[in-house]
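Right, one structure below, let's go through it.
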Amino acid sequence: MRRCDLIVLGAGPAGAEAALAASGAGLDVVLVEEAAAAGGQVWRAPAAASPPGLDPFPAEAEARAGAALRARLAASPVESWFGARAWSVIRPAEGGFRLDAAGPEGPLACAAPRLVAATGAVERVIPFPGWTLPGVIGLAAATVLLKAQGVLPGQRVVVAGCGPLLAAVAAKILAAGGEVVAVVDRAAPAEWLAASRALASRPRLLARGLGWALRIAGRRVPVHFAHAVRAAEGDEALRRLRIAPLDASGGFAPGGAERVLEADALCIGDGLVPGAEIPRLLRARLRFDRALGGWVPELDAEGRTSLPGLFAVGDGAGLRGQAPAVHAGRIAGLAAAQEAGRLDAAAFAAATAPERAALAGLAPFAAAMAGLMALRPGAVRDIAPETVICRCEDVTRGMLDAAFDEGAREVNQVKHFTRCGMGPCQGRSCGDVAAEIIAARLGGAREAAGFWTGRPPLRPVPLADLLGEFDYADIPIPAPAPL
Amino acid sequence: MSPRRIPGLARPAAVSFTFEGEALAAPAGEPLATALACAGHAALRASPAAGTPRGAFCFMGSCQECLVLVDGVPRQACLVPVRAGMAVWRVAL
Ligand code: FES
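So the sequences go chain by chain: A and B.
Heads up, the first sequence is in the numbering used here, so the first residue is 1 and it goes up one at a time.
Heads up, the second sequence is in the numbering used here, so the first residue is 1001 and it goes up one at a time.
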């Protein structure tokens, strides 16, 4: 077991900066990351086994920032455990934290008095009939294919959902020579206009957004504003989509004209949901904040949760995006060092002052982006009863409503009634939408519907990875749900 | 090479592997889910409860939709790099 001063879980912008700041102040830091390199989703490294030529967009600011971060980490004393899948984090009786992971060469464990959770956000997709068809993928998935693997999501692609990633993905497909059939945006032009005021506070990003928009317009790709996908159709894989206009609530406009789009790929993302897995697992206090994406840990200005020694930073602690994550990460890393006695109050104040100022300056932009990606109540209201909500267990909206009718009043009860969220993805994909459905039945407040209790393992880990030897019967393939 | 691979990028040399006994090729190290998608195999398994076709969805190890048998061991195809001689089968229900 490796003992250190600080464990950082997640090597995206927030976690990597927290690790670097703490290490710079003299702490012995172990940085644990599931991917093969640091950078997270935004600064994702090209595939590990590939030569450097594989990123088709190497000149982009993101690619350069990611490479710079990886170089700083490599040159620092931070001990990085890449390819390590954390499956358990506990607070042992002797205090502090213990993390267990399945590493590329076998089990890994470390313990420290403090832990920074920087596990990022998960993509939300508002389900529709046919969204389980092969060929339908997440927007974030599309960026992985394009940026890390140099592969188009399909030959005729529809990009749908909401937020800035829509234009980014569509423009990247076009730049790589692919075909974008249409962009389908939940937001109305007026919402973008309102957000652009905050965007103007970051002119470089505004210019980049305009560049994307011009590229899309230049190719005459139809952009359907205030529209959403109503259904995906095909037998073994996606063949066509039906889209329809939305009303002001975010639901489908009654009597709105449907359009049919032929496509072999749909890249869809309806915003992000903070992961908050570690605070949830360790029972730190959470609060529901729609503007920050959902359930987030209660934090002080330095990223401390309600549990002594546990910090949470980045999008997993509330959606603010990559630029604020950098500064929040540094503040938490420095705060951990101060708690450990490596920085006095004056040095801590001096080191964090520029980070706090930067955070404050970025706040309006972060809020505008989060607003564009927030869950619209009408969108969930209009999910058809036959629609699969939980992909792992094939639980439909109708089954969730039936569970409510039978007396389930809170998401953990609903889970036991229906198996919704019990599959191998552990409810990461469906939790937010399932809770919204139950909350709507309870009168609207998400606090009443609650959240799924965190349980280990954090990730399904093949026993082979933990034990070295295994029995075929031990392989965790999900059991079929009872009909 | 598949029309889905963006042209003009330096890639490792292609290696051979099999899916359901069919001989396929992909750049060494490419994630298996990507290699299968480029070969036209979007559907990788049937959902355990309803038996509907599924394929890779998140491409980052989160959704578990891409489960296949790699040399007899269940693995997430999006996390497994393609290696020469790998034998890949669908997971039997
Ligand atoms: S595609 Fe989601 S886990 Fe592989």
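We treat Cβ as the ideally placed atom computed from N, Cα and C, and that holds for glycine.
All values reported here derive from a predicted model rather than from experimental measurement.
Whole-angstrom distance between L307(A) and A284(A), CA atom to CA atom = Position 284 of the first sequence, counting from 1, holds the residue named residue 284(A). Position 307 of the first sequence, counting from 1, holds the residue named residue 307(A). The straight-line gap from Cα to Cα measures roughly 6 Å.
Please list the terminal residues of the continuous alpha helix (DSSP H) segment that includes C1038(B). Stepping through the second sequence from its first residue, residue 1038(B) is reached at position 38. Its alpha helix (DSSP H) spans residues 1032 to 1038.
Anyone know if the C-beta pair for A19(A) and F82(A) falls short of 8 Å?
Along the first sequence, read from residue 1 onward, the residue named residue 19(A) stands at position 19. Along the first sequence, read from residue 1 onward, the residue named residue 82(A) stands at position 82. No. Outside cutoff.
Compare the C-beta of R2(A) with all C-beta atoms of chain B and state if any pair is closer than 8 Å.
-> On the first sequence, position 2 is the one that residue 2(A) refers to. By this cut-off, R2(A) is not an interface position.
* To do: Would you mind telling me which residues of chain B sit closer than 7 Å to G138(A), beta carbon to beta carbon, in chain order?
  => Locating residue 138(A) in the first sequence gives position 138, where the first residue counts as 1. Those within 7 Å of G138(A) in chain B are F1057, C1058.
- Output, in sequence order along the chain, the residues in the segment 142 to 153 of chain A whose CB is closer than 7 Å to any CB in chain B. V144, L145, Q149, G150, V151, L152
Exercise for review: Could you please tell me which residues of the segment 1041 to 1055 of chain B, in chain order, have their CB closer than 8 Å to any CB of chain A?
Suggested key: A1042, A1043, L1044, S1047, P1048, A1049, A1050, T1052, P1053, R1054, G1055
Figure out for me which residue from I1006(B), C1063(B), P1007(B), A1084(B) has the closest Cα to the Cα of G1028(B).
As a first step, residue 1028(B) must be located in the second sequence, where it is residue number 28. A small correction: the amino acid at residue 1028(B) is Ala; Gly does not occupy that position in the sequence shown. If we check each option's Cα against that of A1028(B), A1084(B) comes out closest.
Practice prompt. Determine, using beta carbons only, whether D394(A) comes closer than 8 Å to chain B.
Written response: To locate residue 394(A), count along the first sequence from 1; it is residue 394. Yes, D394(A) lies at the interface with chain B (some Cβ there is under 8 Å from its Cβ).
Next item on the list: Examine ligand 1 and report whether any of its heavy atoms sits within less than 7 Å of the Cβ of C1078(B).
Entry: As a first step, residue 1078(B) must be located in the second sequence, where it is residue number 78. C1078(B): yes, Cβ under 7 Å from ligand 1.
- Any residues in the segment 1006 to 1017 of chain B with a beta carbon nearer than 9 Å to a beta carbon of chain A? Which ones, in chain order? I1006, P1007, G1008, L1009, A1010, R1011, P1012
- Item | A228(A) vs R186(A) beta-carbon contact at 8 Å | Here the question's residue 228(A) lines up with position 228 in the first sequence. Here the question's residue 186(A) lines up with position 186 in the first sequence. Yes, the pair counts as a contact, with Cβ atoms nearer than the cut-off.
Would you report the Cα separation of S50(A) and A101(A), rounded to the nearest angstrom?
-> Working through the first sequence from its first residue, we reach residue 50(A) at position 50. Working through the first sequence from its first residue, we reach residue 101(A) at position 101. The predicted position of S50(A) is uncertain, since its pLDDT is 44 and thus under 50; no value can be drawn from it.
Worksheet entry | Three-state secondary structure (DSSP) of G294(A) | Locating residue 294(A) in the first sequence gives position 294, counting from the first residue. Residue state, collapsed to three classes: strand.
| said: Is there a C-beta anywhere in chain A that falls below 8 Å from the one on R1004(B)? | reply: Taking the second sequence and counting its residues from 1, one reaches residue 1004(B) at position 4. Yes, R1004(B) counts as interfacial toward chain A.
**Request:** My understanding is that G234(A) touches L133(A), with C-beta atoms under 8 Å, so please give their C-beta distance in whole angstroms.
**Result:** As a working note, residue 234(A) is residue 234 in the first sequence. As a working note, residue 133(A) is residue 133 in the first sequence. Confirmed, about 5 Å.
- Query: If you draw a straight line from the C-alpha of A190(A) to the C-alpha of I126(A), how long is it?
  - Reply: The residue given as residue 190(A) occupies position 190 in the first sequence. The residue given as residue 126(A) occupies position 126 in the first sequence. The straight-line gap from Cα to Cα measures roughly 22 Å.
Handout entry: Bridge partners - S80(A), DSSP secondary structure assignment
Key = Here residue 80(A) refers to the residue found at position 80 of the first sequence. Looking at the DSSP assignment, S80(A) forms a beta bridge with L31(A).
**Request:** Taking C-beta pairs closer than 7 Å, name the residues in chain B that P424(A) reaches, listed in chain order.
**Result:** Counted from its first residue, the first sequence places residue 424(A) at position 424. Under the 7 Å cutoff, chain B gives Q1064.
*Expected contact under 8 Å - CB spacing of I1006(B) and G135(A) to nearest Å*: In the second sequence, counting from the first residue as 1, residue 1006(B) sits at position 6. In the first sequence, counting from the first residue as 1, residue 135(A) sits at position 135. Actually they do not touch by this definition, with Cβ atoms about 18 Å apart.
Counterpart residues of Q1076(B) in DSSP-defined beta bridges
To locate residue 1076(B), count along the second sequence from 1; it is residue 76. Note: Q1076(B) sits in a beta bridge opposite L1067(B).
Could you confirm whether any beta carbon from chain B is found closer than 8 Å to the beta carbon of T132(A)?
-> Taking the first residue of the first sequence as position 1, residue 132(A) is located at position 132. At least one chain B Cβ lies under 8 Å of T132(A).
Grouping DSSP H, G and I as helix and E and B as strand, with all else coil, what is H1041(B)?
Taking the first residue of the second sequence as position 1, residue 1041(B) is located at position 41. Note: H1041(B) maps to coil in three-state DSSP.
Proximal residues to G130(A) (C-beta, below 6 Å), its chain only, five neighbours per side dropped
The residue given as residue 130(A) occupies position 130 in the first sequence. Result list for G130(A): A231, A232, E233, in chain order.
Does the beta-carbon distance from T387(A) to M399(A) come in below 8 Å? Walking along the first sequence from the start, residue 387(A) turns up at place 387. Walking along the first sequence from the start, residue 399(A) turns up at place 399. No, Cβ-Cβ distance for T387(A) and M399(A) is not below 8 Å.
task: Using only the heavy atoms of ligand 1, determine whether one of them is closer than 7 Å to the beta carbon of E447(A).
output: Stepping through the first sequence from its first residue, residue 447(A) is reached at position 447. Not so, every heavy atom of ligand 1 lies at least 7 Å from the Cβ.
Does the beta-carbon of V1073(B) have 16 or more other beta-carbons within 10 angstroms, so that it is buried, or is it exposed? Taking the second sequence and counting its residues from 1, the one referred to as residue 1073(B) is at position 73. So V1073(B) ends up on the exposed side.
Margin query: Is E355(A) close to ligand 1? I mean its beta-carbon at under 7 Å from any heavy atom of the ligand.
Written below: The residue given as residue 355(A) occupies position 355 in the first sequence. For ligand 1, not one heavy atom lies less than 7 Å from the Cβ of E355(A).
Exercise for review: Taking only the alpha-carbon atoms, compute the straight-line gap between D432(A) and R1054(B) and give it to the nearest angstrom.
Suggested key: Locating residue 432(A) in the first sequence gives position 432, counting from the first residue. Locating residue 1054(B) in the second sequence gives position 54, counting from the first residue. Rounded to whole angstroms, D432(A) to R1054(B) spans 22 Å at the Cα level.
Compute the beta-carbon to beta-carbon distance between A316(A) and A16(A), rounded to the nearest angstrom, for a pair I have assumed lies under 8 Å.
In the first sequence, residue 316(A) corresponds to position 316, counting from 1. In the first sequence, residue 16(A) corresponds to position 16, counting from 1. One point to set straight first is that residue 316(A) is Gly, not Ala, in the sequence displayed. At roughly 14 Å, the Cβ-Cβ gap does not stay under 8 Å, so G316(A) and A16(A) are not in contact.
Going by other Cβ atoms of all chains shown within 10 Å of its Cβ, with 16 needed for buried, is G40(A) buried or exposed?
The residue given as residue 40(A) occupies position 40 in the first sequence. With 16 or more Cβ atoms within 10 Å of its Cβ, G40(A) is classed as buried.
Checklist line | Residue closest to D1071(B), alpha-carbon to alpha-carbon, out of S1002(B), A1035(B), F1017(B), A1010(B) | finding: Residue numbering aside, residue 1071(B) sits at position 71 when the second sequence is read from its first letter. Selected option, being the one with the closest Cα: F1017(B).
With a cut-off of 8 Å, does the C-beta of S429(A) fall near any C-beta of chain B?
Looking up residue 429(A) in the first sequence gives position 429. Yes, because at least one Cβ of chain B sits closer than 8 Å to the Cβ of S429(A).
>> Just to confirm before moving on: does the CB-CB distance between E34(A) and R85(A) stay below 8 Å?
In response: Mapped onto the first sequence, residue 34(A) falls at position 34. Mapped onto the first sequence, residue 85(A) falls at position 85. Their beta carbons are under 8 Å apart, which means E34(A) touches R85(A) by this criterion.
*Helix, strand or coil for G95(A), going by three-state DSSP, please let me know.*
Taking the first sequence and counting its residues from 1, one reaches residue 95(A) at position 95. Coil.
(message) Determine, for G398(A), whether the minimum Cβ-Cβ distance to residues of chain B falls below 8 Å.
(response) Within the first sequence, the letter at position 398 stands for residue 398(A). So no, G398(A) is outside the interface.
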